[in-house]
Amino acid sequence: MAIHRHDNHKSANAVMEWVDKRFPATKVWNEHIAEYMAAKNFNFWYFFGSLAILMLVLQLATGIFLTMHYKPDAQLAFASVEYIMRDVPFGWLVRYLHSTGASMFFVIIYLHMFRGVIYGSHREPRELVWLIGCVIFVALMAEAFMGYLLPWGNMSYWGAQVILSLFDVIPYVGPALTEWIRGDFVISDATLNRFFAFHVILLPLILVALVFLHLVALHQVGSNNPDGIDIYDHVDEDGKPLDGIAFFPYIVIKDLIGVAGFLIIYLGIVFFWPDGGGVLLEKDNFAPANSLQTPPDIVPLWYFTPFYSILRASTTSLLFALEIITGLIVIWLWIRAKVSIKAKIGFTLLAIGVFVGLQFGSGKAWGVILMAAAIVCFFLLPWLDRSPVYSIRYRSLPFKIALVLFLVAFVTLGYLGMNAPTPGKTLLAQICTVAYFAFFALMPWFTSIGKTKPEPSRVVYEAH
Amino acid sequence: MKKLSLLLVALFFTAVMGSSAFAAGGHGAAVDEVHINMSDKASLQSGAKIFVNYCLSCHSAQYSRYNRVAKDLDIPLWQLKENLMFTTEKEGDLMTTTMPEEDAKAWFGVAPPDLSLVARVRSPDWIYTYLRAFYIDESSPSGWNNSLFENVAMPHAMYELQGVQKVVGKVEADSHGAIDAHASSDAVGDHKVVGDTIFELSHPGKLSPAEFDKSMADLTAFLSYMAEPAQLQRKTIGVYTLAFLIILLLLCILLKKEYWRDVH
Numbered sequence: 001m002a003i004h005r006h007d008n009h010k011s012a013n014a015v016m017e018w019v020d021k022r023f024p025a026t027k028v029w030n031e032h033i034a035e036y037m038a039a040k041n042f043n044f045w046y047f048f049g050s051l052a053i054l055m056l057v058l059q060l061a062t063g064i065f066l067t068m069h070y071k072p073d074a075q076l077a078f079a080s081v082e083y084i085m086r087d088v089p090f091g092w093l094v095r096y097l098h099s100t101g102a103s104m105f106f107v108i109i110y111l112h113m114f115r116g117v118i119y120g121s122h123r124e125p126r127e128l129v130w131l132i133g134c135v136i137f138v139a140l141m142a143e144a145f146m147g148y149l150l151p152w153g154n155m156s157y158w159g160a161q162v163i164l165s166l167f168d169v170i171p172y173v174g175p176a177l178t179e180w181i182r183g184d185f186v187i188s189d190a191t192l193n194r195f196f197a198f199h200v201i202l203l204p205l206i207l208v209a210l211v212f213l214h215l216v217a218l219h220q221v222g223s224n225n226p227d228g229i230d231i232y233d234h235v236d237e238d239g240k241p242l243d244g245i246a247f248f249p250y251i252v253i254k255d256l257i258g259v260a261g262f263l264i265i266y267l268g269i270v271f272f273w274p275d276g277g278g279v280l281l282e283k284d285n286f287a288p289a290n291s292l293q294t295p296p297d298i299v300p301l302w303y304f305t306p307f308y309s310i311l312r313a314s315t316t317s318l319l320f321a322l323e324i325i326t327g328l329i330v331i332w333l334w335i336r337a338k339v340s341i342k343a344k345i346g347f348t349l350l351a352i353g354v355f356v357g358l359q360f361g362s363g364k365a366w367g368v369i370l371m372a373a374a375i376v377c378f379f380l381l382p383w384l385d386r387s388p389v390y391s392i393r394y395r396s397l398p399f400k401i402a403l404v405l406f407l408v409a410f411v412t413l414g415y416l417g418m419n420a421p422t423p424g425k426t427l428l429a430q431i432c433t434v435a436y437f438a439f440f441a442l443m444p445w446f447t448s449i450g451k452t453k454p455e456p457s458r459v460v461y462e463a464h
Numbered sequence: 001m002k003k004l005s006l007l008l009v010a011l012f013f014t015a016v017m018g019s020s021a022f023a024a025g026g027h028g029a030a031v032d033e034v035h036i037n038m039s040d041k042a043s044l045q046s047g048a049k050i051f052v053n054y055c056l057s058c059h060s061a062q063y064s065r066y067n068r069v070a071k072d073l074d075i076p077l078w079q080l081k082e083n084l085m086f087t088t089e090k091e092g093d094l095m096t097t098t099m100p101e102e103d104a105k106a107w108f109g110v111a112p113p114d115l116s117l118v119a120r121v122r123s124p125d126w127i128y129t130y131l132r133a134f135y136i137d138e139s140s141p142s143g144w145n146n147s148l149f150e151n152v153a154m155p156h157a158m159y160e161l162q163g164v165q166k167v168v169g170k171v172e173a174d175s176h177g178a179i180d181a182h183a184s185s186d187a188v189g190d191h192k193v194v195g196d197t198i199f200e201l202s203h204p205g206k207l208s209p210a211e212f213d214k215s216m217a218d219l220t221a222f223l224s225y226m227a228e229p230a231q232l233q234r235k236t237i238g239v240y241t242l243a244f245l246i247i248l249l250l251l252c253i254l255l256k257k258e259y260w261r262d263v264h
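Those sequence lines, one after another, are chains V and D.
Per our numbering, the first sequence starts with residue 1, numbered consecutively.
Per our numbering, the second sequence starts with residue 1, numbered consecutively.
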């Protein structure tokens, strides 16, 4: 017989036995669901992983129904959305579920990422889980950006115009590249059609594949927990962690509470506040795209605004401040830092390169670089964090202070990005931009100083 | 950790409230507050009547259908056909205007915008203020001007109802650009404050100032309805959905307690 049974589990019945000989159904179910052990002290923060998958499924489902009536055509797109809102039975509900869902997806993902940072889920051995997660974040941003063009409202149009024109700053190939992406000299029907293709086919496929990889990587290393310790340090005679509990049914049942709670908030917004006071659905987007009429303030949707703020904050004065900071770092390096002379020379040369770049580069070009760097920073987190402990429960005070400052800077940047710039607001955005990057740049330092609390050997859990 | 969660929640709400307040306020133009009751069918019907009589001849509402309006507003079909449908015979038709766009451009300099979504692009308060802020202005091509929307191409379509008003002065705004709500909503002697402008009625119209304000509130209500017809059923469904979800949440909590009873 060429058929080998790879599983060591008894199949439930004759049908499953038949299937299991040909497909590892019971094996996969047991390994990844029924016998996948997670820490039993999961708290509120651990809802967001399963909620993100729920949100992805909901967006796919509502998206499919929207494509049945939506027309990806510059002449018809806006009217087809209004047709969905008015003439398609419950079309308004599907559309609001999708538009509110996009925002809720980002709420979930931001909280999910934040959970990772506070409990050290990005640390060894979960670096790849984190990295794949970061790629999902970038793919989700692309998905949302392209989806936002589809209603063909005036803000859709001008938002895409502004963001796509950022590619112009790439030396030599920029303008040609922008034109290639747009498929035209301006945002047009060609752009709308390709964005539709990417939004409904390419990026959903990429997202689903990445989420699969994210889970495969997670199940290879096991879930972290609020104490940031390894539950496999204490196992029973069967090799099962003493503080672990089966994902099914225990964690699944617990996640249902998160699902119900989340649906209350999500559907509460859908039914009672679908435009979110102009934040979830922008006012200017209720007017059709008009290439002759620029909205008074072109603002992206709220989930992009922290990065958009960093882009706008990049003016000559910010570059000047960055030059001074670069200089100060080099001076400190030569006077105080305990590193080899080679490292000092190497870093100084790098700093000179950065200085020259800052001196001769334009504010816009650096804005794009800083905005991209702001996202790249998240990828580096596993290697920037040097703390001996993982969880915020046992972290040193400097880390907690830095994290709070980062949060304040991030939310402030987000707020400022939704508003028209004034000199005062630009200055505030510049301060927050420096704080944002300082959080990542100084992380190796502030995570290695200060007194951490001792980690417990077993997870903290009180049965109730 | 609890402190951090609290901080996060506080930051989130500050940002949301701050930005939505900004979005709702628009760009600082002084507008009068209008009170709209979407369940007041009489008000919506009155608004619909004004809309088809005074607005639809130039503006379209190309995403809205006559029979949908009739159904949502409890207007019998015969009444709809007799009193509201002037541009078509088919009740399932979209509410388009008969004025050709090119002619409109030639006459007004700009084609009158479609009004299906105007209440979502602007805001009900803005519309309510705008409709009441027309005044006579010899220097403008149409002879009319608007204190909220300076040099707007649109003439005063409802002067026969309101009469003719002229500008007397401006209300002094405080440093934040806000004006005293009481002063703006009431007539001050013979004068009337709309937005940040004081008007005097030089020729009375068919309606008294109070009646005209009520009519414009009705029209605003209708435009708000038309911008999102689904809102009439949205909230009702929402109440049932949330009631169900709250019960579901309680059941989930009980289920979890039951399953986790033996976990120590």
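Even glycine gets a Cβ: it sits at the ideal position worked out from N, Cα and C.
If you're wondering where the values come from, they're calculated on a predicted model, not measured in any experiment.
Within 8 Å, strictly: CB atoms of residue i and residue j
{"i": "V/L150", "j": "V/I310", "result": "no"}
{"i": "D/A48", "j": "D/V69", "result": "yes"}
{"i": "V/D230", "j": "V/A420", "result": "no"}
{"i": "D/R122", "j": "D/V194", "result": "no"}
{"i": "V/L280", "j": "V/T100", "result": "yes"}
{"i": "D/R120", "j": "V/F90", "result": "no"}
{"i": "V/R458", "j": "V/H234", "result": "yes"}
{"i": "V/L350", "j": "V/L319", "result": "no"}
{"i": "D/I36", "j": "D/A153", "result": "no"}
{"i": "V/K40", "j": "D/V34", "result": "no"}
{"i": "V/A374", "j": "V/Y303", "result": "no"}
{"i": "V/Y461", "j": "V/D184", "result": "no"}
{"i": "D/E200", "j": "D/V168", "result": "yes"}
Classification of residue i by the beta-carbon crowding that lies within 10 angstroms, buried from 16 upward
{"i": "D/K192", "result": "buried"}
{"i": "V/V208", "result": "exposed"}
{"i": "V/V376", "result": "exposed"}
{"i": "D/I198", "result": "buried"}
{"i": "D/Q79", "result": "exposed"}
{"i": "D/P204", "result": "exposed"}
{"i": "V/Q293", "result": "exposed"}
{"i": "D/D103", "result": "exposed"}
Beta-carbon proximity list for residue i, same chain, < 7 Å, skipping 5 on both sides
{"i": "V/L66", "result": "I84, V94, R95 and H98"}
{"i": "V/H32", "result": "H219"}
{"i": "D/I127", "result": "V118, A119, T220 and L223"}
Cut-off 6 Å between Cβ atoms - residues of its own chain near residue i, not counting five sequence neighbours on either side
{"i": "V/V221", "result": "P125 and R126"}
{"i": "V/Q161", "result": "I187"}
{"i": "V/N290", "result": "N154"}
{"i": "V/F105", "result": "M55"}
{"i": "V/L416", "result": "S309, K425 and A429"}
{"i": "D/C252", "result": "none"}
{"i": "D/V110", "result": "A153"}
Integer Cβ distance of residue i from residue j, believed to fall under 8 Å
{"i": "V/P72", "j": "V/L192", "result": "6 Å"}
{"i": "V/S317", "j": "V/L370", "result": "Wrong, their Cβ atoms sit about 14 Å apart, outside the cutoff."}
{"i": "D/A29", "j": "D/L223", "result": "D/A29 to D/L223, Cβ: 18 Å. No contact."}
{"i": "D/A157", "j": "D/C55", "result": "7 Å"}
{"i": "V/I264", "j": "D/L249", "result": "7 Å"}
{"i": "D/H59", "j": "D/L7", "result": "That belief does not hold up - the Cβ atoms of D/H59 and D/L7 are roughly 49 Å apart, past 8 Å."}
{"i": "D/S142", "j": "D/P155", "result": "4 Å"}
{"i": "V/A246", "j": "V/E35", "result": "6 Å"}
{"i": "V/S387", "j": "V/F378", "result": "Contact flag wrong, Cβ pair sits at about 17 Å."}
{"i": "D/G162", "j": "D/L207", "result": "Inspection of the sequence shows that residue 162 of chain D is occupied by Gln rather than by Gly. Yes, D/Q162 and D/L207 are in contact; Cβ-Cβ is about 7 Å, under 8 Å."}
{"i": "V/A197", "j": "V/I109", "result": "That belief does not hold up - the Cβ atoms of V/A197 and V/I109 are roughly 24 Å apart, past 8 Å."}
{"i": "D/Y66", "j": "D/L84", "result": "7 Å"}
Beta-ladder partner(s) of residue i, from DSSP
{"i": "D/P204", "result": "D/G163"}
{"i": "D/F134", "result": "D/N146"}
{"i": "D/T197", "result": "D/K170 and D/V194"}
{"i": "V/I245", "result": "V/A38"}
{"i": "V/P288", "result": "V/G153"}
{"i": "D/L94", "result": "D/R65"}
{"i": "V/V235", "result": "V/P241"}
Sequence-distant residues of its chain with Cβ nearer than 8 Å to residue i (five each side left out)
{"i": "V/V330", "result": "F347, T348 and A351"}
{"i": "V/L380", "result": "F440"}
Checklist entry - Mind listing which residues of the stretch 79–91 of chain V have their C-beta closer than 8 Å to chain B's C-betas, in chain order? => result Judged by its chain identifiers, the structure shown contains no chain B, and its protein chains are V and D.
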